[in-house]
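For the sequence shown, full-length UniProt numbering assigns the number 1 to the initial residue and increments by one for each residue that follows. Backbone N, C-alpha and C define an ideal beta-carbon position, used for all residues, glycine too. From a predicted model like this one, the values you see are computed outputs, not experimental measurements. I have placed the structure first, in the form of structure tokens, so that the comments after it can refer back to it.
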Amino acid sequence: MIEILNPAELTQAKRTGSVVAHILQTIKDRTTVGTNLLDIDRWAQEMIADAGAESCYVDYAPSFGRGPFGHYICTAVNDAVLHGLPHDYALADGDLLTLDLAVLTGGVAADSAVSFLVGNSRPAASVAMIDATERALEAGIAAARPGARIGDISHAIGSVLSEAGYPINMEFGGHGIGSTMHQDPHVANDGRPGRGYKLRPGLLLALEPWVMEDTSVLVTDADGWTLRSATGARTAHSEHTIAITDDGAEILTLRQGA
Numbered sequence: 001m002i003e004i005l006n007p008a009e010l011t012q013a014k015r016t017g018s019v020v021a022h023i024l025q026t027i028k029d030r031t032t033v034g035t036n037l038l039d040i041d042r043w044a045q046e047m048i049a050d051a052g053a054e055s056c057y058v059d060y061a062p063s064f065g066r067g068p069f070g071h072y073i074c075t076a077v078n079d080a081v082l083h084g085l086p087h088d089y090a091l092a093d094g095d096l097l098t099l100d101l102a103v104l105t106g107g108v109a110a111d112s113a114v115s116f117l118v119g120n121s122r123p124a125a126s127v128a129m130i131d132a133t134e135r136a137l138e139a140g141i142a143a144a145r146p147g148a149r150i151g152d153i154s155h156a157i158g159s160v161l162s163e164a165g166y167p168i169n170m171e172f173g174g175h176g177i178g179s180t181m182h183q184d185p186h187v188a189n190d191g192r193p194g195r196g197y198k199l200r201p202g203l204l205l206a207l208e209p210w211v212m213e214d215t216s217v218l219v220t221d222a223d224g225w226t227l228r229s230a231t232g233a234r235t236a237h238s239e240h241t242i243a244i245t246d247d248g249a250e251i252l253t254l255r256q257g258a
């Protein structure tokens with residue numbers, strides 16, 4: 001299903017995006033060496049409730065997971081990259097953490113993710129990988145405009161990731177979003193320009209470039225949810241929800257200072 005939102009729904013989407021952005025930024029700012037992933041999940045639960053929002057994750061039970069997910073935010077550490085199930089782990093200096101959050105307000109969802117290093121350690125390879133996903137996200141957003149095709153976005157994202165030297169996994173990528181978290185069209189993180197669904201004003205997309213340092217192969221953790229690099233290499237993931245407008249794309253999940 002592909003939804004095209006009307007003006008009232010787009011206004012609500014902006015509200016939802018602001019909630020997601022605020023929660024992610026607040027948790028990022030609060031996260032330090034020694035923070036437990038279960039505390040992060042509790043913070044997310046509390047802030048979602050305080051905002052009058054609804055979690056897209058807690059009851060999420062797709063075919064690829066061992067559902068329901070049962071938590072309020074995805075917390076992926078180091079070699080984990082997608083669907084990171086919060087567990088009893090205290091973050092260490094230099095850990096690479098990805099937070100991924102999706103909520104509903106007023107019947108409209110928004111989805112965003114951010115990767116960052118915990119503490120003071122700044123391994124150069126990890127900094128470069130995070131930067132590559134952020135630049136790829138910027139390139140994908142720049143390619144998103146009325147009349148463009150999904151393939152144009154995929155090509156823009158993939159060009160940045162490939163030029164940075166990262167293998168690209170094609171199993172998981174961006175997606176349409178609206179009254180539910182995951183919708184068509186699928187937005188792969190590489191592709192051919194000029195192909196795929198033509199973008200229209202009112203379309204919401206969650207774009208999410210992610211990479212693993214030296215492989216494109218994922219393995220599923222014993223928890224049935226967390227996806228990790230097959231080699232144990234580090235990973236990074238950046239994501240924003242955007243709305244296609246008459247003039248281009250508007251980022252709905254932009255964090256203050258981001």
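Range of the contiguous alpha helix (DSSP H) that encloses residue i
i    : result
M129 : 124-143
L205 : Run containing L205: none in the alpha helix (DSSP H); it sits in the beta strand (DSSP E), 204-207.
E163 : 150-163
N-terminal and C-terminal residue of the beta strand (DSSP E) that residue i is part of
i           : result
residue 259 : This structure cannot settle anything about residue 259, because the visible part of the chain is limited to 1 through 258.
Q183        : 183-187
S115        : 108-117
L5          : Counting along the chain, L5 falls outside any beta strand (DSSP E), and DSSP gives it neither H nor E.
A243        : 240-244
A53         : First-last for A53: undefined, no H or E at that position.
I251        : 249-251
Residues that residue i bridges to, as DSSP identifies them
i    : result
R33  : For the record, residue 33 in the displayed sequence is Val; it is not Arg. In DSSP, V33 forms no bridge with anything.
H22  : H22 is not bridged to any residue.
C74  : D100
A90  : N36
E213 : None, per the DSSP bridge assignment.
I80  : At residue 80 the sequence reads Ala, which differs from the Ile that was named. R228, per the DSSP bridge assignment.
V219 : R228
G173 : DSSP output for G173 lists no bridge partner at all.
K198 : R149
T105 : V108
Identity of the residue in the options nearest residue i by Cα
i           : options                : result
G119        : R30, L101, I177, L38   : R30
N189        : P7, S154, I2           : S154
L5          : V127, E250, T253, L203 : L203
W210        : T220, L227, G70        : L227
A143        : K198, F172, S126, G70  : K198
A124        : V103, E171, D95, E54   : D95
L101        : G107, D93, S112        : S112
V58         : L97, A164, L24, L104   : L104
A90         : R255, G34, G107        : G34
A99         : S121, I251, L37        : Here residue 99 is Leu; the residue named in the question, Ala, does not match the sequence. For L99, the nearest C-alpha among the options comes from L37.
G174        : G151, A164, P167, A206 : A206
D247        : A222, W225, R200       : R200
R122        : L85, A92, L137, E134   : A92
E54         : G106, S229, E163       : G106
A49         : S63, Y60, V19          : V19
S229        : I2, L82, I23, R66      : L82
E171        : F64, Q12, H22          : F64
A139        : V127, E163, F116, Q25  : E163
G52         : P86, R15, T32          : R15
A145        : E250, L254, T231       : Sequence inspection shows Arg at residue 145; the Ala mentioned does not correspond to that position. Closest by alpha carbon: E250.
V108        : I177, G84, P167        : I177
D88         : A132, D39, A80         : D39
M212        : S115, L85, D223        : S115
residue 275 : S159, G232, R135, Y60  : Any property of residue 275 remains undetermined from this structure, which presents the chain solely from 1 to 258.
G67         : D223, G232, D41        : D223
A76         : P185, A233, G196       : A233
F181        : T11, T26, A110         : The sequence shown places Met at residue 181, not Phe. The shortest Cα separation from M181 among T11, T26, A110 belongs to A110.
May I ask you to verify whether the region 43-53 touches the region 230-248, counting CB pairs closer than 8 Å and requiring at least 3?
-> no
How about the region 145-162 and the region 58-74: do they share at least three Cβ pairs that are nearer than 8 Å?
-> no
Three CB pairs or more closer than 8 Å across the region 216-223 and the region 240-248 = no
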